Amino acid sequence: MTEDIQLISLLLTPLVGMLLLALAGRWPNLREAITLITAVVLFSESIQLAVDVLGGARPGLTLIEMLPGLTLRLAVEPLGAVFSVISSGLWIISTLYSIGYMRGNKEKKQTRFFVCFAGAIFAAQGIALAGNMLTLFMFYEAMTLITYPLVTHHGTDHARNSARTYLGVLLGTSIAFLLSGLLATWVIAGTLDFRQGGILAGHLGATGTALLLVLYMFGIGKAALMPFHRWLPAAMVAPTPVSALLHAVAVVKAGVFTIVKVIVYIFGTDNLMSLGSADWVPVIAGFSILSASIVALRADNLKRRLAYSTVSQLSYVTLAATLLAPISIVGAVMHIAAHALGKITLFFAAGSIYTAAHKTEVSQLDGIGRRMPWTMVAFSIGALSMIGLPPAAGFVSKWYILSAAMSLEHWLAVGVLVLSTLLNAGYFLPIVWRAFFREPPSDADDHHDEPHAAHGEAPLLMVFAQTTTAAMTIGLFFYHEPVLRLARAVAGAF
Numbered sequence: 001m002t003e004d005i006q007l008i009s010l011l012l013t014p015l016v017g018m019l020l021l022a023l024a025g026r027w028p029n030l031r032e033a034i035t036l037i038t039a040v041v042l043f044s045e046s047i048q049l050a051v052d053v054l055g056g057a058r059p060g061l062t063l064i065e066m067l068p069g070l071t072l073r074l075a076v077e078p079l080g081a082v083f084s085v086i087s088s089g090l091w092i093i094s095t096l097y098s099i100g101y102m103r104g105n106k107e108k109k110q111t112r113f114f115v116c117f118a119g120a121i122f123a124a125q126g127i128a129l130a131g132n133m134l135t136l137f138m139f140y141e142a143m144t145l146i147t148y149p150l151v152t153h154h155g156t157d158h159a160r161n162s163a164r165t166y167l168g169v170l171l172g173t174s175i176a177f178l179l180s181g182l183l184a185t186w187v188i189a190g191t192l193d194f195r196q197g198g199i200l201a202g203h204l205g206a207t208g209t210a211l212l213l214v215l216y217m218f219g220i221g222k223a224a225l226m227p228f229h230r231w232l233p234a235a236m237v238a239p240t241p242v243s244a245l246l247h248a249v250a251v252v253k254a255g256v257f258t259i260v261k262v263i264v265y266i267f268g269t270d271n272l273m274s275l276g277s278a279d280w281v282p283v284i285a286g287f288s289i290l291s292a293s294i295v296a297l298r299a300d301n302l303k304r305r306l307a308y309s310t311v312s313q314l315s316y317v318t319l320a321a322t323l324l325a326p327i328s329i330v331g332a333v334m335h336i337a338a339h340a341l342g343k344i345t346l347f348f349a350a351g352s353i354y355t356a357a358h359k360t361e362v363s364q365l366d367g368i369g370r371r372m373p374w375t376m377v378a379f380s381i382g383a384l385s386m387i388g389l390p391p392a393a394g395f396v397s398k399w400y401i402l403s404a405a406m407s408l409e410h411w412l413a414v415g416v417l418v419l420s421t422l423l424n425a426g427y428f429l430p431i432v433w434r435a436f437f438r439e440p441p442s443d444a445d446d447h448h449d450e451p452h453a454a455h456g457e458a459p460l461l462m463v464f465a466q467t468t469t470a471a472m473t474i475g476l477f478f479y480h481e482p483v484l485r486l487a488r489a490v491a492g493a494f
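So in UniProt numbering, the last one in the sequence shown is 494, and the numbering has no gaps at all.
Next comes the structure, spelled out in structure tokens:
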């Protein structure tokens, strides 16, 4: 009973938070206090769950039996515990940042923003706790719908058009491919439950398994595997805290989480390895990694560069998961955590630059590190993590992925990892160079900026948030044992 209450509480906490936020809309200070308190409570519940899972607990609860053997079910395993902690923990920091950003930029519809943000976290927790593919699918779709108002936040024609792309790609891939994959899995295996070793072994041959895998890989649109990636850069029209939610806290993490979950618990790594049915996926993932990196290299708009960087980094997880070795699964799980911290830091820094200096293009950032040193140091740490250099967390996850590729003698994956690392350096390091080593423009050249943007950092809460996530990015490099233990349990490598 205690475990049942624990699972229900993880869903009810953000849901109750949404209701209270809607009621507190007329009182901004109360609204923001409710958001913070709800986030802290949820994070404490997620940490307790992760501790229990590390101790061997695997709590589960059936909510509704729709048909014999077809249920809405909650169940927690190590991968779900990782996602639950990431989304709830970063909600706290994102809330602090959002308060500073929304007030600093005098954004409208702030209550709707915080309500929808809490709704996205509710959906993320549902995805993390899903005990079968049907439950995951329902929360996955709920996340798409609840984040739509966030993408359209500014209410402009451009925002609405971009949001239509966002909704169209994500719902289109889900309905056309993912739902078809679910139905086929139910017919073939007679169940949609997540099980160690998968549920499809012995039910399908190599060709049938490969075709079903196509439906899943392209149906999970939130993983932004090319060519179904356009929703992600389109969504950059939203305020920066929304970009952070999309890229680090919930949405894309839901995508790659689902990729790993499907590979490990629906298809089974041993089954895929013996059939050779996943051999094509690393090729597509490698293409996505390199193509997105090249687009990022050419992008002058900072958020567009970061968006295509995300497309590239997500495919690292897909690549690692479909190498099918225990060490590559460990690398995939570690990269979910490392990318979350590094990318949220980068988007926080981009938002701080916009708020304090009203600059959006890389070419405008000459010397900005002198007026905004905290912001640009945080950005540099996030960039190191994306490149995969120590002492940032991205080094650890990429090391595991590269080790897997080397041990398997998968030279395509090795080549993609090496070349993409160089490309990452090619589009991140020039930003750092501009910020710290180029002369800032003269006041005459910079007269178009807002009066308050000439000097200084963004509001304190924003600086605190990005500094915290940058410190966590370094901290995860030095102390990643709990995440590593959970990752090994996902891979069956304990």
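The C-beta atom is built at its ideal place from N, Cα and C for all residues, glycine as well. These figures come from a predicted structure and were not determined experimentally.
Distance check for residue j and residue i, CA to CA, integer angstroms please.
i           : j           : result
residue 103 : residue 130 : 36 angstroms
residue 451 : residue 24  : Model confidence at residue 451 stands at a pLDDT of 39, short of 50, so the residue's coordinates are unreliable; what they give is reported in the following sentence. Those two C-alpha atoms are separated by around 33 angstroms.
residue 43  : residue 337 : 15 angstroms
residue 155 : residue 380 : 33 angstroms
residue 293 : residue 415 : 14 angstroms
residue 151 : residue 162 : 8 angstroms
residue 444 : residue 153 : Legend: pLDDT at residue 444 = 49, less than 50; position of this residue unreliable, no value from coordinates given.
residue 447 : residue 457 : Note on residue 447: pLDDT 46, under 50, position unreliable in the model; the coordinate value appears next. The straight-line gap from Cα to Cα measures roughly 18 angstroms.
residue 177 : residue 229 : 15 angstroms
residue 334 : residue 283 : 21 angstroms
residue 391 : residue 287 : 28 angstroms
residue 214 : residue 34  : 43 angstroms
residue 141 : residue 301 : 30 angstroms
residue 413 : residue 423 : 15 angstroms
residue 54  : residue 3   : 15 angstroms
residue 280 : residue 203 : 21 angstroms
residue 260 : residue 234 : 25 angstroms
residue 105 : residue 345 : 19 angstroms
residue 117 : residue 430 : 33 angstroms
residue 318 : residue 285 : 6 angstroms
residue 6   : residue 16  : 15 angstroms
residue 474 : residue 167 : 35 angstroms
residue 376 : residue 210 : 45 angstroms
DSSP beta-bridge partners for residue i?
i           : result
residue 35  : Note: residue 35 sits in no beta bridge, so no partner.
residue 160 : Partner(s): none; residue 160 has no beta bridge.
residue 71  : 65
residue 29  : Looking at the DSSP assignment, residue 29 forms no beta bridge with any residue, so it has no partner.
residue 132 : 193
residue 361 : 301
Over the uninterrupted beta strand (DSSP E) stretch that includes residue i, give me the two end residues.
i          : result
residue 64 : 60-67
Excluding sequence positions up to five away, which residues of its chain have a Cβ less than 8 angstroms from the Cβ of residue i?
i           : result
residue 327 : 400, 403, 404, 407, 491 and 493
residue 255 : 220, 221, 222, 223, 224 and 314
residue 58  : 75, 76 and 77
residue 276 : 206
residue 120 : 143, 146, 147, 150, 245, 249, 250 and 251
residue 107 : 101, 113, 153 and 239
residue 181 : 212, 215, 216 and 219
So, for residue i: in the same chain, excluding its five sequence neighbours on each side, which residues have a beta-carbon less than 7 angstroms away from its beta-carbon?
i           : result
residue 170 : 144, 221, 222 and 231
residue 198 : 265, 266, 267, 268 and 271
residue 464 : 96
residue 262 : 216
With residue i as the anchor, note down where its alpha helix (DSSP H) starts and where it stops.
i           : result
residue 125 : 110-129
residue 18  : 2-23
residue 236 : No alpha helix (DSSP H) holds residue 236; DSSP gives it neither H nor E.
residue 228 : Here residue 228 belongs to no alpha helix (DSSP H), and DSSP marks it neither H nor E.
residue 472 : 460-478
residue 270 : 269-275
residue 327 : 326-357
residue 372 : Per DSSP, residue 372 belongs to no alpha helix (DSSP H) and is neither H nor E.
residue 390 : First-last for residue 390: undefined, no H or E at that position.
residue 99  : 78-104
residue 294 : 281-298
residue 436 : 411-437
residue 216 : 206-219
residue 484 : 481-490
residue 254 : 251-262
Please list, in chain order, all residues of the same chain as residue i whose beta carbon is under 6 angstroms from its beta carbon, the five residues on each side excluded.
i           : result
residue 367 : 438, 439 and 440
residue 436 : 369
residue 339 : 313
Kindly confirm or deny that the stretch 80-97 and the stretch 246-256 touch, where touching means at least three C-beta pairs closer than 8 angstroms. yes
Specify whether the stretch 365-375 and the stretch 305-316 touch according to this definition: at least 3 beta carbon pairs, one from each stretch, less than 8 angstroms apart. In this structure the stretch 365-375 does not touch the stretch 305-316; the number of beta carbon pairs closer than 8 angstroms is below three.
Mind the definition here: the stretch 36-54 touches the stretch 3-15 only if three or more C-beta pairs lie below 8 angstroms; say whether that holds. The stretch 36-54 vs the stretch 3-15: in contact.
At a cut of 8 angstroms, does the stretch 285-292 reach the stretch 347-364 through at least three beta carbon pairs? No contact exists between the stretch 285-292 and the stretch 347-364.
Check whether the stretch 22-41 touches the stretch 132-144, taking contact to mean three or more Cβ pairs, one atom from each stretch, closer than 8 angstroms. Flag = no, the stretch 22-41 and the stretch 132-144 do not touch.
Determine contact between the stretch 462-478 and the stretch 60-73, defined as no fewer than three beta-carbon pairs at a distance below 8 angstroms. The stretch 462-478 is not in contact with the stretch 60-73.
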